[in-house]
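A.B. asks: Just so you know, we're using the working numbering here: the sequence shown kicks off at 137 and counts up by one.
Idealized CB from N, CA, C, for every residue including glycine.
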Amino acid sequence: MFKFLKDKVKKAISKINDKVENELPDEEVEIVEEIVEKEEKKEEKKEEKKEEKKEEKKEEKKEELETKAVGIEEVEEVRAKGLFGKIKQKINTKNISSEKFDELFEELEIALLENNVALEVIDKIKNDLKEELVDKPIKRKEIESKILKSLKQSITNLFEVDSIDIIDKIKNKKDEPYVVCFVGVNGSGKTTSIAKLANHLKKNGLSVLLVAGDTWRAASIQQLEEHGTNLGIRVIKHNYGSDPAAVAFDGIKAAKANNVDVVLIDTAGRQHSNKDLMRELEKIVRVSTPDLNIFVGESTTGNDCVLQAQQFGDTVELDGVILTKSDVDEKGGAAISIGYVTGKPILFLGTGQEYEDFEEFNADKFLKFLDI
Numbered sequence: 137m138f139k140f141l142k143d144k145v146k147k148a149i150s151k152i153n154d155k156v157e158n159e160l161p162d163e164e165v166e167i168v169e170e171i172v173e174k175e176e177k178k179e180e181k182k183e184e185k186k187e188e189k190k191e192e193k194k195e196e197k198k199e200e201l202e203t204k205a206v207g208i209e210e211v212e213e214v215r216a217k218g219l220f221g222k223i224k225q226k227i228n229t230k231n232i233s234s235e236k237f238d239e240l241f242e243e244l245e246i247a248l249l250e251n252n253v254a255l256e257v258i259d260k261i262k263n264d265l266k267e268e269l270v271d272k273p274i275k276r277k278e279i280e281s282k283i284l285k286s287l288k289q290s291i292t293n294l295f296e297v298d299s300i301d302i303i304d305k306i307k308n309k310k311d312e313p314y315v316v317c318f319v320g321v322n323g324s325g326k327t328t329s330i331a332k333l334a335n336h337l338k339k340n341g342l343s344v345l346l347v348a349g350d351t352w353r354a355a356s357i358q359q360l361e362e363h364g365t366n367l368g369i370r371v372i373k374h375n376y377g378s379d380p381a382a383v384a385f386d387g388i389k390a391a392k393a394n395n396v397d398v399v400l401i402d403t404a405g406r407q408h409s410n411k412d413l414m415r416e417l418e419k420i421v422r423v424s425t426p427d428l429n430i431f432v433g434e435s436t437t438g439n440d441c442v443l444q445a446q447q448f449g450d451t452v453e454l455d456g457v458i459l460t461k462s463d464v465d466e467k468g469g470a471a472i473s474i475g476y477v478t479g480k481p482i483l484f485l486g487t488g489q490e491y492e493d494f495e496e497f498n499a500d501k502f503l504k505f506l507d508i
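(1) Anyone know if the C-beta pair for I401 and G349 falls short of 8 Å?
(2) Which partner residues of R370 appear in the DSSP bridge assignment?
(3) Taking only three categories from DSSP, how would you classify G488?
(4) Where does S150 land, buried or exposed, given buried means 16+ other C-beta within 10 angstroms?
(5) Taking the alpha carbon of L364 as the reference point, which residue from K389, K147, V398 and N335 has its own alpha carbon closest?
(6) Using only the alpha-carbon positions, how far apart do G486 and D238 sit?
(7) Thinking Y314 and K305 are a contact (beta carbons under 8 Å), I'd like their distance in whole angstroms, please.
(8) Buried or exposed, going by whether 16 or more other CB atoms sit within 10 Å of the CB of K438?
(9) Rounded to whole angstroms, what is the Cα-Cα separation between F502 and Q289?
(10) Note down, in chain order, each residue of its chain lying with its Cβ closer than 7 Å to the Cβ of K510, except the 5 sequence neighbours on either side.
(11) With L428 as the anchor, note down where its beta strand (DSSP E) starts and where it stops.
(12) How about N251 and G468: do their beta carbons lie closer than 8 Å?
(13) Determine contact between the stretch 259-279 and the stretch 226-235, defined as no fewer than three beta-carbon pairs at a distance below 8 Å.
(14) Under 8 Å Cβ to Cβ from A445, same chain only, skipping five residues before and after it: list those, please.
(15) Taking Y476 as part of the alpha helix (DSSP H), name the residues at either end of that continuous run.
(16) For L345 versus V399, is the C-beta distance shorter than 8 Å?
(17) If you measure from the CB of I401, is any heavy atom of the ligand ADP nearer than 7 Å?
(18) Does DSSP put E466 in a helix, a strand or coil?
(19) With a cut-off of 8 Å on the beta carbons, I'd call Y376 and T351 a contact; round off their distance for me.
(20) Using a Cβ distance threshold of 8 Å, determine whether the stretch 378-394 contacts the stretch 279-287, with at least three qualifying pairs required.
(21) Determine the extent of the beta strand (DSSP E) in which G456 is found, giving its start and end residues.
(22) Pull up the distance between the alpha-carbon of R422 and that of I246, whole angstroms please.
(23) Rank E362, D465 and L160 by C-alpha distance to the C-alpha of K139 and give the top, closest one.
(24) Could you give the residue range of the beta strand (DSSP E) that holds E495?
(25) Classify L483: buried if its beta carbon has 16 or more other beta carbons within 10 angstroms, exposed otherwise.
(26) Along the alpha helix (DSSP H) that carries T327, what are the first and last residues, could you check?
(27) Excluding the 5 residues flanking A391 on each side, which residues of the same chain have their C-beta closer than 7 Å to its C-beta?
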């Protein structure tokens with residue numbers, strides 16, 4: 137998962153580090169740090185001072201040689217009376233100008249573009265890194281780690297959208313079933329994702345009812361019925377070609393009559409350019425008044441997935457995202473971009489063919505995959 141992205145980003149950062157090391161001049165900066173000494177018994181201090189004086193001269197010579205070897209020109213320790221003191225040292229650093237940063241960032245920008253990261257996300261990462269790195273002295277040995285740390289923080293910030301605990305929301309809704317409507321383009325994996333979520337909810341002690349709202353394809357109705365049979369979950373359906381809004385209405389009515397906790401509504405895959413189908417989707421949402429509208433997109437389609445989510449969001453108010461085929465997505469551009477671009481959280485990742493291959497999205501786990 138996301139291997140190509142991980143490798144490309146690491147190579148880009150390594151190249152940036154080499155360029156900073158080789159192309160930018162060293163600058164000497166004086167750093168003053170306060171230190172705190174531990175209290176010591178007077179007798180121990182006297183004994184230590186005697187021993188220290190003997191070895192100080194030897195150590196000073198060694199330190200001078202070592203200091204020059206690592207580029208530190210001077211280390212001066214100034215101690216005040218009592219427990220506090222200061223250490224003053226001059227070290228060699230690198231300073232990245234704004235113009236040089238723009239040149240250096242091209243390496244990372246290309247890596248992100250090759251992995252289908254959205255342009256506005258790349259711009260955000262660039263601005264974040266610029267703020268952290270430009271015109272700030274960076275110790276020579278810490279250049280790569282500083283860039284990685286800044287990049288990690290920037291990507292972490294991309295996921296700072298309001299998360300949704302769907303189990304908690306369902307359990308907190310009283311008297312009526314919690315209604316979830318699934319939308320997306322053809323072939324994105326909506327029906328399978330519905331079955332996986334139904335399995336997840338059932339394992340958490342919730343009763344579920346499925347609604348076959350994709351009446352444009354008889355095969356879709358049959359597919360949802362098969363999932364219902366496998367999971368022991370009731371499916372509400374009408375005949376092929378029926379009004380999907382009417383199917384949704386009947387499904388919610390049946391759930392109320394049987395005290396079902398959750399209703400999951402499947403809808404036909406559609407392109408945003410098909411105005412008739414988009415109006416139909418508006419009607420389904422208007423009739424069923426879902427508590428949650430979830431966009432289901434294929435992770436491997438990268439920027440297309442992000443664009444589709446934006447377009448569906450123009451028609452219905454989206455609340456969250458499920459990304460399918462994440463297990464075979466080596467680029468990760470959709471996962472990085474979609475939350476920031478849409479302002480909606482990734483709720484789950486589809487990671488395989490089985491019902492259990494479905495996991496709640498976790499930003500920390502995602503960053504571990506990237507090995508940042």
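C.D. replies: On the basis of the supplied data:
(1) Contact: yes.
(2) Paired residue(s): L345.
(3) Here G488 sits in coil by DSSP.
(4) Exposure of S150 is indicated by the presence of fewer than 16 other C-beta atoms within 10 angstroms of its C-beta.
(5) For clarity, residue 364 is Gly in the given sequence; the question names Leu instead. Nearest option by C-alpha distance: N335.
(6) Approximately 37 Å, taken between the alpha carbons.
(7) Their Cβ separation, rounded to whole angstroms, is 7 Å, which keeps Y314 and K305 in contact under 8 Å.
(8) Looking at the sequence shown, residue 438 is not Lys but Gly. It counts as buried.
(9) Roughly 13 Å separates the two Cα atoms.
(10) As displayed, the chain neither begins before 137 nor continues past 508, which places residue 510 out of reach and without an answer.
(11) Looking at the DSSP string, the run of the beta strand (DSSP E) that includes L428 is L428 to E434.
(12) Contact flag set, yes.
(13) Yes, the stretch 259-279 touches the stretch 226-235.
(14) Shown here for A445: same chain residues with a beta carbon closer than 8 Å to its own, the five before and five after excluded, namely F431, G433, L454, V457, I474, V477, T478 and K480 in chain order.
(15) Segment G469 to T478, the alpha helix (DSSP H) holding Y476.
(16) Yes, Cβ-Cβ distance for L345 and V399 is below 8 Å.
(17) The ligand ADP is not among the ligands present in this structure, which contains no ligands whatsoever.
(18) Coil.
(19) Correct: roughly 6 Å between the Cβ atoms.
(20) They do not touch, by the three-pair rule.
(21) Here the beta strand (DSSP E) through G456 covers G456 to T460.
(22) If you draw a straight line from the Cα of R422 to the Cα of I246, it comes to about 43 Å.
(23) When only C-alpha atoms are compared, the closest one is D465.
(24) Element bounds for E495: F494 to E496.
(25) Flag for L483 reads buried.
(26) Its alpha helix (DSSP H) spans residues K326 to K339.
(27) Excluding five sequence positions before and after A391, the CB atoms of its chain that fall closer than 7 Å to its own CB belong to P313, L345 and V399, given in chain order.
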